[in-house]
Structures are given as structure tokens and as C-alpha cells.
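Some notes on the structure that comes next.
Protein chains in written order, with the numbering used here: chain A, 300 to 407; chain B, 256 to 368.
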């Protein structure tokens, strides 16, 4: 089992739809990061959340850290084809761990 | 403006062959990491190095060795490649700390036949 489980694993939606992806763990973390990875590239940082219950917005993307700091969600409003990619959550525990990933495809 | 540079980008090996994946960063980061990426598994940590001269095992270290040659360079060696090591390998670096960003190379796509 992995430290961070993400769901769903795959998501294919039409342009303009809304979606939410989740990152869950049984462990408590002092902070959590979200990265996006495009095909053929390495992941790139989107946001870091540090406080339980914190909500951060990045244009059409809304990130929330769970109150107990064990989980996080990413909500995308009115998805665009440019949002297509692999979304990964990551935490700094004893080392630096990534989740299992959600592969998002937005169809024009 | 290089960031993290990995070589090679693609490699095909026969079972039992050895090879070394190279990684260099020019951001003066202390921490460097090697991950492998397989479908549905996200990124799994193979080894990491918190500073020059130190290395530690990650989640999936079996079949790999690493060397932190200096602050800039962190190499990953496969001594006897197996088909199960077919994967995309990523090197990353970051400033140590709870909230700092990890910077990645473009990856090495390795196929073992």
C-alpha cells in the first residue's frame, strides 16, 4: 500500500464540466503539495497547503487541505483542454512521497 | 537556466545489462531524489540523498544503487537490469524543508527486453 492514495485513477470529461480529485492518507502531515505533470515532462508544482481546512485558489483550480491534515482535494471549475495531465499530491514525511496520481483528460 | 538535467532520455537494455542514469542540478539544492513512474502507481521513491555523501533507501530500492558524486550530481545504477525495471525514471531536487518545491528533470524512459 502507498502512503497517499488518489482517486479517481482516471477521469475523462467534456470541456466546461467541473470535477474533483482526492488525495487520502491515514497519516497526518504538516503540509501537502499538488503537482501537475504533462506528457513527456516532469511534474510541476501547483500549490502547497499547510493549515488544516485551508483553501487555496489558482484561477479555476481550488485546493483544500482536510481539517485533520490527512487528506486534500482539488476541484476544477469549467475544465479546459489545457487542464489535461496527471495530477499528483505529495508530502514530506521521512522522505518525499507522491501519491498514485489522477490522470485527467478534458475533451474539447 | 538548466534546472535538473537527466541523461539519457531513452534507453533500451537487454536483461542482465548494466547502466547508469545521470542527473545534475544547478540550483545548489541539498536534497536529490530518484523516482520511478509506472502506470497507476504515481511516483515511487527509489533512493534519495539529503546532502553530499549521504544516501538513503526509499520505497523500492531493490535492484538499484546510487552515488551522490558531489552537490550537483546524483546517479542511479542498475547493475543487472530486469524487465520489471522497465519504467520512466525521474530525478528531482529541492531545498530541504517541509514546504519547498521539488524540481524535476524530463525523465529517462528505460525499456528492458
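Note that CB positions come from ideal geometry on N, CA and C, so glycine has one too. In this text the structure is predicted, and so the values were computed from the model without any measurement.
For residue i, decide whether its Cβ has a neighbour in chain B, counting only Cβ atoms nearer than 8 Å.
{"i": "residue 352 (chain A)", "result": "no"}
{"i": "residue 347 (chain A)", "result": "yes"}
{"i": "residue 344 (chain A)", "result": "yes"}
{"i": "residue 371 (chain A)", "result": "no"}
{"i": "residue 379 (chain A)", "result": "no"}
Name the chain A residues that come within less than 7 Å of residue i, Cβ to Cβ?
{"i": "residue 295 (chain B)", "result": "308 and 399"}
{"i": "residue 298 (chain B)", "result": "387 and 397"}
{"i": "residue 345 (chain B)", "result": "341"}
What residues of chain B sit near residue i, judged by a beta carbon separation below 9 Å?
{"i": "residue 340 (chain A)", "result": "359, 361 and 362"}
Within 10 angstroms of its Cβ, does residue i collect 16 or more other Cβ (buried), or is it exposed?
{"i": "residue 358 (chain B)", "result": "buried"}
{"i": "residue 336 (chain B)", "result": "buried"}
{"i": "residue 379 (chain A)", "result": "exposed"}
{"i": "residue 321 (chain B)", "result": "buried"}
{"i": "residue 367 (chain B)", "result": "buried"}
{"i": "residue 291 (chain B)", "result": "buried"}
{"i": "residue 348 (chain A)", "result": "buried"}
{"i": "residue 363 (chain B)", "result": "buried"}
{"i": "residue 263 (chain B)", "result": "exposed"}
{"i": "residue 369 (chain B)", "result": "What is shown of chain B runs 256 to 368, which leaves residue 369 (chain B) out entirely."}
{"i": "residue 265 (chain B)", "result": "exposed"}
{"i": "residue 294 (chain B)", "result": "exposed"}
{"i": "residue 397 (chain A)", "result": "buried"}
Starting from the beta carbon of residue i, find every residue of chain B whose beta carbon is closer than 7 Å, and list them in chain order.
{"i": "residue 325 (chain A)", "result": "Simply none; closest approach about 16 Å."}
Looking only at its own chain, which residues have a Cβ that is under 7 Å from the Cβ of residue i, when we skip the five neighbours before and after it?
{"i": "residue 357 (chain A)", "result": "345 and 346"}
{"i": "residue 271 (chain B)", "result": "335 and 336"}
{"i": "residue 313 (chain A)", "result": "406"}
{"i": "residue 382 (chain A)", "result": "375, 403 and 405"}
{"i": "residue 419 (chain A)", "result": "Here chain A comprises residues numbered 300 to 407, so residue 419 (chain A) is not present and cannot be evaluated."}
Give me the chain B residues within the contact set of residue i, using Cβ-Cβ distance strictly less than 8 Å, ordered along the chain.
{"i": "residue 363 (chain A)", "result": "Those do not exist, as residue 363 (chain A) stays about 17 Å from chain B at its closest Cβ, beyond 8 Å."}
Just to confirm my understanding: we take residue i, look at its own chain, exclude 5 residues before and 5 after, and list those with CB closer than 6 Å. What are they?
{"i": "residue 354 (chain A)", "result": "363"}
{"i": "residue 348 (chain B)", "result": "259, 280, 284, 287 and 358"}
{"i": "residue 306 (chain A)", "result": "321"}
{"i": "residue 360 (chain A)", "result": "375"}
Against chain A, does residue i count as a neighbour if the rule is that its beta carbon must be under 8 Å from one of theirs?
{"i": "residue 319 (chain B)", "result": "no"}
Quick one: list the residues of chain A neighbouring residue i, beta-carbon separation under 8 Å, in chain order.
{"i": "residue 313 (chain B)", "result": "394"}
Mind checking whether the beta-carbon of residue i lies closer than 7 Å to any heavy atom of the ligand ZN?
{"i": "residue 281 (chain B)", "result": "Because no ligand of any kind appears in the structure shown, any question about the ligand ZN cannot be addressed here."}
Once you ignore the five residues that flank residue i on each side, which residues in its own chain have a CB closer than 8 Å to its CB?
{"i": "residue 327 (chain B)", "result": "279, 280 and 281"}
{"i": "residue 329 (chain A)", "result": "349, 368 and 391"}
{"i": "residue 273 (chain B)", "result": "332, 333, 334, 335 and 336"}
{"i": "residue 325 (chain A)", "result": "369"}
Would you say residue i reaches chain C, if we count a Cβ-Cβ gap shorter than 8 Å as a contact?
{"i": "residue 349 (chain B)", "result": "The chain inventory of the structure shown lacks chain C, comprising the protein chains A and B."}
**Report entry** Three-pair Cβ contact test at 8 Å for the region 273-286 of chain B versus the region 296-311 of chain B
**Finding:** Segments in contact, yes.
Query raised in the report: Contact between the region 364-374 of chain A and the region 307-321 of chain A: three or more CB pairs below 8 Å?
Result: yes
Query raised in the report: Is the region 379-396 of chain A in contact with the region 325-339 of chain B, if contact means three or more CB pairs nearer than 8 Å?
Result: no
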